[in-house]
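Participant: Here it is: the structure, laid out below.
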Amino acid sequence: MSSFIQKNMQQDTAQLSATLALDTSTARIEVQCLLQHALQVSRAYLIAHPEYVLSDTEQSQYASILQRRLCGEPLAYILGEREFFGLMFQVNAATLIPRPDTELLVEKALQCIPKNASENYHLLDLGTGSGAIALSIAQQRPHINVVASDFSTEALHVARENSRRLKINNVNFCHSDWFVALSPQRFDFIVSNPPYIAENDAHLQNGDLRFEPRTALASGADGLRDIKKIISASHQHLKPNAQLWLEHGHQQASQVRALLQQAQFHNIHSALDLAGIERISGGRQNIDPIGASH
(Lines of atoms letter the chains of each structure in order from A and count residues from 1; the text may use other names and numbers.)
(Lines give C-alpha, C1' and ligand atoms only; values in the text may rest on other atoms or scores of the structure.)
Protein backbone atom coordinates (compact mmCIF):
# COMPACT_ATOMS: atom_id res chain seq x y z
CA MET A 1 0.00 0.00 0.00
CA SER A 2 1.11 3.57 -0.56
CA SER A 3 -0.02 7.03 0.48
CA PHE A 4 -1.67 8.20 -2.72
CA ILE A 5 -2.98 11.52 -1.42
CA GLN A 6 0.46 12.71 -0.36
CA LYS A 7 2.59 11.29 -3.15
CA ASN A 8 0.54 10.85 -6.30
CA MET A 9 -2.16 13.50 -6.59
CA GLN A 10 0.14 16.04 -8.23
CA GLN A 11 1.38 13.44 -10.69
CA ASP A 12 -2.12 12.38 -11.74
CA THR A 13 -3.23 15.99 -12.06
CA ALA A 14 -0.37 16.65 -14.46
CA GLN A 15 -1.15 13.51 -16.46
CA LEU A 16 -4.84 14.35 -16.75
CA SER A 17 -4.08 17.93 -17.72
CA ALA A 18 -1.65 16.89 -20.45
CA THR A 19 -3.78 14.05 -21.85
CA LEU A 20 -7.11 15.91 -22.01
CA ALA A 21 -5.75 19.44 -22.51
CA LEU A 22 -7.31 20.62 -19.24
CA ASP A 23 -6.02 23.55 -17.24
CA THR A 24 -4.27 22.49 -14.04
CA SER A 25 -7.03 23.73 -11.75
CA THR A 26 -9.71 21.75 -13.59
CA ALA A 27 -7.54 18.64 -13.69
CA ARG A 28 -6.88 18.89 -9.95
CA ILE A 29 -10.60 19.16 -9.22
CA GLU A 30 -11.31 16.14 -11.42
CA VAL A 31 -8.65 14.07 -9.66
CA GLN A 32 -10.20 15.01 -6.32
CA CYS A 33 -13.66 14.01 -7.59
CA LEU A 34 -12.38 10.66 -8.82
CA LEU A 35 -10.65 9.99 -5.53
CA GLN A 36 -13.74 10.96 -3.55
CA HIS A 37 -15.76 8.58 -5.71
CA ALA A 38 -13.33 5.69 -5.27
CA LEU A 39 -13.12 6.16 -1.49
CA GLN A 40 -16.76 7.27 -1.04
CA VAL A 41 -15.67 10.24 1.07
CA SER A 42 -16.22 14.00 0.95
CA ARG A 43 -13.79 16.64 -0.28
CA ALA A 44 -13.51 17.87 3.31
CA TYR A 45 -12.36 14.41 4.38
CA LEU A 46 -9.61 14.38 1.76
CA ILE A 47 -8.37 17.77 2.88
CA ALA A 48 -8.46 16.78 6.55
CA HIS A 49 -6.66 13.45 6.02
CA PRO A 50 -3.69 14.02 3.68
CA GLU A 51 -1.90 11.12 5.35
CA TYR A 52 -4.60 8.61 4.39
CA VAL A 53 -3.22 5.38 2.92
CA LEU A 54 -5.31 3.65 0.26
CA SER A 55 -5.92 -0.06 0.55
CA ASP A 56 -5.04 -2.27 -2.40
CA THR A 57 -8.74 -2.45 -3.32
CA GLU A 58 -9.16 1.33 -3.13
CA GLN A 59 -6.02 1.89 -5.17
CA SER A 60 -7.28 -0.52 -7.82
CA GLN A 61 -10.71 1.16 -7.96
CA TYR A 62 -9.18 4.58 -8.26
CA ALA A 63 -6.69 3.50 -10.96
CA SER A 64 -9.56 2.01 -12.97
CA ILE A 65 -11.72 5.14 -13.02
CA LEU A 66 -8.69 7.39 -13.60
CA GLN A 67 -7.89 5.34 -16.70
CA ARG A 68 -11.47 5.73 -17.92
CA ARG A 69 -11.13 9.49 -17.60
CA LEU A 70 -7.73 9.48 -19.32
CA CYS A 71 -9.44 7.71 -22.24
CA GLY A 72 -11.84 10.64 -22.48
CA GLU A 73 -14.97 9.22 -20.82
CA PRO A 74 -16.93 12.13 -19.34
CA LEU A 75 -16.46 12.69 -15.64
CA ALA A 76 -20.25 12.81 -15.18
CA TYR A 77 -20.65 9.28 -16.54
CA ILE A 78 -17.86 7.94 -14.34
CA LEU A 79 -19.31 9.56 -11.22
CA GLY A 80 -22.86 8.79 -12.35
CA GLU A 81 -24.13 12.26 -11.55
CA ARG A 82 -24.02 15.94 -12.51
CA GLU A 83 -25.26 19.06 -10.74
CA PHE A 84 -27.83 21.18 -12.58
CA PHE A 85 -29.80 24.17 -11.31
CA GLY A 86 -28.80 23.40 -7.73
CA LEU A 87 -29.94 19.76 -7.89
CA MET A 88 -27.88 16.60 -8.32
CA PHE A 89 -29.03 14.39 -11.19
CA GLN A 90 -28.08 10.82 -11.90
CA VAL A 91 -26.85 10.37 -15.47
CA ASN A 92 -25.54 7.55 -17.61
CA ALA A 93 -24.68 6.86 -21.24
CA ALA A 94 -28.40 6.82 -22.16
CA THR A 95 -28.77 10.52 -21.28
CA LEU A 96 -27.13 13.76 -22.26
CA ILE A 97 -24.99 15.36 -19.59
CA PRO A 98 -26.84 18.42 -18.23
CA ARG A 99 -24.89 21.60 -19.00
CA PRO A 100 -24.98 25.11 -17.52
CA ASP A 101 -26.14 26.59 -20.86
CA THR A 102 -29.40 24.67 -20.55
CA GLU A 103 -30.20 26.35 -17.23
CA LEU A 104 -31.20 29.36 -19.36
CA LEU A 105 -34.21 27.36 -20.58
CA VAL A 106 -35.26 26.67 -16.98
CA GLU A 107 -34.81 30.33 -16.05
CA LYS A 108 -36.97 31.45 -18.99
CA ALA A 109 -39.77 29.08 -17.97
CA LEU A 110 -39.64 30.25 -14.35
CA GLN A 111 -39.79 33.88 -15.46
CA CYS A 112 -43.01 33.14 -17.32
CA ILE A 113 -44.77 30.74 -14.95
CA PRO A 114 -46.48 32.55 -12.04
CA LYS A 115 -45.11 31.54 -8.64
CA ASN A 116 -48.64 30.75 -7.48
CA ALA A 117 -49.49 28.68 -10.58
CA SER A 118 -51.80 25.78 -9.73
CA GLU A 119 -52.44 22.27 -11.02
CA ASN A 120 -54.35 23.86 -13.90
CA TYR A 121 -51.02 25.01 -15.40
CA HIS A 122 -49.50 22.37 -17.67
CA LEU A 123 -45.91 22.30 -18.91
CA LEU A 124 -44.28 19.85 -21.32
CA ASP A 125 -40.58 19.02 -21.57
CA LEU A 126 -39.89 17.29 -24.88
CA GLY A 127 -36.86 14.98 -24.95
CA THR A 128 -36.37 15.09 -21.19
CA GLY A 129 -33.30 12.82 -20.99
CA SER A 130 -32.24 12.73 -17.33
CA GLY A 131 -35.23 14.90 -16.46
CA ALA A 132 -33.01 17.85 -15.54
CA ILE A 133 -35.17 20.56 -17.18
CA ALA A 134 -38.57 19.17 -16.19
CA LEU A 135 -37.60 18.37 -12.61
CA SER A 136 -35.82 21.69 -12.05
CA ILE A 137 -38.94 23.58 -13.15
CA ALA A 138 -41.26 21.29 -11.20
CA GLN A 139 -39.21 21.70 -8.04
CA GLN A 140 -39.56 25.49 -8.27
CA ARG A 141 -43.26 25.36 -9.21
CA PRO A 142 -44.50 22.44 -7.08
CA HIS A 143 -48.21 22.86 -7.82
CA ILE A 144 -48.14 22.83 -11.64
CA ASN A 145 -48.50 19.69 -13.73
CA VAL A 146 -45.40 18.74 -15.72
CA VAL A 147 -45.16 16.10 -18.43
CA ALA A 148 -41.67 14.89 -19.39
CA SER A 149 -41.41 12.83 -22.57
CA ASP A 150 -38.61 10.97 -24.31
CA PHE A 151 -38.24 8.43 -27.10
CA SER A 152 -35.61 6.52 -25.09
CA THR A 153 -36.99 4.12 -22.49
CA GLU A 154 -33.53 3.98 -20.90
CA ALA A 155 -33.47 7.76 -20.48
CA LEU A 156 -36.98 7.75 -19.01
CA HIS A 157 -35.85 5.17 -16.45
CA VAL A 158 -33.10 7.57 -15.34
CA ALA A 159 -35.52 10.51 -15.25
CA ARG A 160 -38.04 8.59 -13.15
CA GLU A 161 -35.29 7.59 -10.73
CA ASN A 162 -34.21 11.22 -10.43
CA SER A 163 -37.81 12.20 -9.70
CA ARG A 164 -38.04 9.57 -6.98
CA ARG A 165 -34.68 10.38 -5.44
CA LEU A 166 -35.28 14.14 -5.45
CA LYS A 167 -38.84 13.64 -4.14
CA ILE A 168 -40.38 15.76 -6.91
CA ASN A 169 -43.88 14.42 -7.38
CA ASN A 170 -45.58 16.75 -9.87
CA VAL A 171 -44.01 15.23 -13.01
CA ASN A 172 -45.53 12.52 -15.19
CA PHE A 173 -43.29 10.68 -17.64
CA CYS A 174 -44.32 9.63 -21.12
CA HIS A 175 -42.62 7.44 -23.73
CA SER A 176 -43.15 9.40 -26.94
CA ASP A 177 -41.47 10.32 -30.23
CA TRP A 178 -41.92 14.05 -29.79
CA PHE A 179 -45.71 14.64 -29.74
CA VAL A 180 -46.84 11.25 -31.09
CA ALA A 181 -48.11 9.81 -27.79
CA LEU A 182 -49.30 13.14 -26.35
CA SER A 183 -52.43 13.77 -28.41
CA PRO A 184 -54.81 15.41 -27.59
CA GLN A 185 -53.12 17.13 -24.63
CA ARG A 186 -52.52 20.91 -24.70
CA PHE A 187 -50.02 22.84 -22.62
CA ASP A 188 -49.45 26.33 -21.28
CA PHE A 189 -45.70 26.09 -21.88
CA ILE A 190 -43.47 23.74 -23.89
CA VAL A 191 -39.70 23.54 -23.49
CA SER A 192 -37.19 21.37 -25.29
CA ASN A 193 -33.46 20.87 -25.61
CA PRO A 194 -33.66 18.80 -28.81
CA PRO A 195 -30.84 17.45 -30.99
CA TYR A 196 -29.44 20.38 -32.98
CA ILE A 197 -25.99 19.39 -34.24
CA ALA A 198 -25.48 18.62 -37.94
CA GLU A 199 -24.82 14.92 -38.53
CA ASN A 200 -21.44 15.57 -40.18
CA ASP A 201 -20.26 18.13 -37.59
CA ALA A 202 -16.67 17.38 -36.54
CA HIS A 203 -17.47 18.32 -32.92
CA LEU A 204 -19.32 15.01 -32.57
CA GLN A 205 -15.93 13.29 -32.66
CA ASN A 206 -14.46 15.43 -29.88
CA GLY A 207 -14.55 15.49 -26.09
CA ASP A 208 -17.60 14.33 -24.14
CA LEU A 209 -19.79 14.27 -27.26
CA ARG A 210 -18.07 11.07 -28.40
CA PHE A 211 -19.67 9.23 -25.47
CA GLU A 212 -23.11 10.82 -25.38
CA PRO A 213 -26.11 9.30 -27.22
CA ARG A 214 -25.90 10.35 -30.87
CA THR A 215 -29.69 10.39 -31.26
CA ALA A 216 -29.86 13.14 -28.61
CA LEU A 217 -27.22 15.24 -30.38
CA ALA A 218 -27.42 15.04 -34.18
CA SER A 219 -30.40 16.13 -36.25
CA GLY A 220 -30.09 15.91 -40.01
CA ALA A 221 -27.76 17.65 -42.41
CA ASP A 222 -28.29 21.13 -40.94
CA GLY A 223 -29.04 20.22 -37.32
CA LEU A 224 -32.56 21.61 -37.60
CA ARG A 225 -34.59 18.51 -38.51
CA ASP A 226 -36.05 17.94 -35.04
CA ILE A 227 -36.52 21.63 -34.30
CA LYS A 228 -38.60 21.89 -37.48
CA LYS A 229 -40.70 18.90 -36.41
CA ILE A 230 -41.34 20.34 -32.97
CA ILE A 231 -42.28 23.79 -34.22
CA SER A 232 -44.59 22.51 -36.96
CA ALA A 233 -46.44 20.10 -34.65
CA SER A 234 -46.55 22.27 -31.54
CA HIS A 235 -49.64 24.29 -32.51
CA GLN A 236 -51.82 21.26 -31.89
CA HIS A 237 -50.48 20.97 -28.35
CA LEU A 238 -50.32 24.60 -27.20
CA LYS A 239 -53.19 26.43 -25.58
CA PRO A 240 -54.03 29.85 -27.08
CA ASN A 241 -51.25 32.36 -26.26
CA ALA A 242 -49.09 29.59 -24.75
CA GLN A 243 -45.31 29.60 -25.27
CA LEU A 244 -42.77 27.34 -26.94
CA TRP A 245 -39.05 27.70 -26.12
CA LEU A 246 -36.18 25.73 -27.63
CA GLU A 247 -32.47 25.45 -27.01
CA HIS A 248 -30.35 25.52 -30.18
CA GLY A 249 -26.80 25.90 -31.45
CA HIS A 250 -24.93 29.17 -31.02
CA GLN A 251 -25.31 30.02 -34.73
CA GLN A 252 -28.91 28.86 -35.21
CA ALA A 253 -30.93 31.59 -33.48
CA SER A 254 -31.89 33.50 -36.63
CA GLN A 255 -32.92 30.28 -38.37
CA VAL A 256 -35.06 29.16 -35.43
CA ARG A 257 -36.72 32.58 -35.22
CA ALA A 258 -37.50 32.34 -38.94
CA LEU A 259 -39.07 28.92 -38.45
CA LEU A 260 -41.20 30.25 -35.60
CA GLN A 261 -42.29 33.17 -37.76
CA GLN A 262 -43.22 30.84 -40.63
CA ALA A 263 -45.32 28.85 -38.16
CA GLN A 264 -47.15 32.08 -37.22
CA PHE A 265 -45.88 32.39 -33.66
CA HIS A 266 -45.75 35.93 -32.29
CA ASN A 267 -43.60 37.80 -29.76
CA ILE A 268 -40.65 35.80 -31.13
CA HIS A 269 -37.25 36.48 -29.59
CA SER A 270 -34.05 34.86 -28.35
CA ALA A 271 -32.33 34.97 -24.97
CA LEU A 272 -28.61 35.28 -24.29
CA ASP A 273 -26.47 32.99 -22.17
CA LEU A 274 -23.76 34.30 -19.82
CA ALA A 275 -21.34 34.54 -22.75
CA GLY A 276 -23.74 36.80 -24.64
CA ILE A 277 -24.69 34.08 -27.14
CA GLU A 278 -28.27 33.53 -28.30
CA ARG A 279 -28.87 29.99 -27.02
CA ILE A 280 -32.66 29.72 -26.71
CA SER A 281 -35.47 31.07 -28.87
CA GLY A 282 -39.22 31.01 -28.56
CA GLY A 283 -42.55 32.68 -29.07
CA ARG A 284 -46.26 32.60 -28.31
CA GLN A 285 -48.99 30.60 -29.94
CA ASN A 286 -51.49 32.68 -31.87
CA ILE A 287 -54.67 33.29 -29.89
CA ASP A 288 -56.59 31.60 -32.70
CA PRO A 289 -54.04 29.09 -34.08
CA ILE A 290 -54.43 27.40 -37.41
CA GLY A 291 -56.27 24.14 -37.00
CA ALA A 292 -57.66 24.96 -33.56
CA SER A 293 -61.02 23.50 -32.79
CA HIS A 294 -63.90 25.82 -31.84
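Be aware that the sequence shown starts at 0, since it is given in numbering that gives the first Met the number 0, and climbs by one per residue.
Here a beta-carbon is modelled for each residue, glycine too, at the ideal position from N, C-alpha and C.
Quick caveat, the model's predicted, so the values are computed rather than measured.
Once you ignore the five residues that flank residue 57 on each side, which residues in its own chain have a CB closer than 7 angstroms to its CB?
Facilitator: 37, 38, listed in sequence order.
Participant: Over what stretch of residues does the alpha helix (DSSP H) that includes residue 36 continue unbroken?
Facilitator: Its alpha helix (DSSP H) spans residues 23-38.
Participant: Can you give the Cα-Cα distance for residue 50 and residue 62, rounded to whole angstroms?
Facilitator: Cα to Cα, the separation comes out at about 19 angstroms.
Participant: Could you spell out where the alpha helix (DSSP H) holding residue 189 opens and where it closes?
Facilitator: Residue 189 -> not in any alpha helix (DSSP H); beta strand (DSSP E) instead, spanning 186-191.
Participant: Which same chain residues end up closer than 7 angstroms to residue 20 when comparing Cβ atoms and leaving out the 5 residues on each side of it in sequence?
Facilitator: For residue 20, where only same-chain residues beyond five positions count, there are no Cβ hits under 7 angstroms.
Participant: Between residue 228 and the rest of its own chain, which residues show a CB-CB distance below 7 angstroms, the 5 nearest in sequence each way excluded?
Facilitator: The residues are 177.
Participant: Does the distance from the CB of residue 246 to the CB of residue 209 come in under 8 angstroms?
Facilitator: Their beta carbons are not under 8 angstroms apart, which means residue 246 does not touch residue 209 by this criterion.
Participant: In the DSSP assignment, the alpha helix (DSSP H) including residue 274 goes from what residue to what residue?
Facilitator: Unbroken run through residue 274: none, as it is neither H nor E.
Participant: Could you pull out every unbroken beta strand (DSSP E) segment of at least 3 residues lying fully inside the segment 74-116, listed in chain order?
Facilitator: Those beta strand (DSSP E) runs which fall completely within the segment 74-116 and span 3+ residues are 80-83, 86-89.
Participant: Measuring from the CB of residue 225, is there a heavy atom of the ligand HEM at a distance below 7 angstroms?
Facilitator: The model on display carries no ligand, and the ligand HEM is accordingly not part of it.
Participant: Below 8 angstroms CB to CB, which residues in the same chain sit around residue 65 once its five sequence neighbours on both sides are set aside?
Facilitator: If we look at residue 65 and ignore the five residues flanking it on each side, its Cβ neighbours are 11, 15, 30, 33.
Participant: Quick one: using the 10 Å Cβ neighbour count with 16 as the cut-off for buried, is residue 136 buried or exposed?
Facilitator: Counting Cβ neighbours within 10 Å, residue 136 comes out buried, since at least 16 surround it.
Participant: To test your reading of the DSSP string, which unbroken beta strand (DSSP E) runs of 3 or more residues are found completely within the segment 209-285?
Facilitator: List check, beta strand (DSSP E) in window: 237-246, 265-271, 277-283.
Participant: Relative to the alpha-carbon of residue 214, which residue among 94, 179, 70 has its alpha-carbon at the smallest distance?
Facilitator: Among 94, 179, 70, the Cα nearest to that of residue 214 is on 94.
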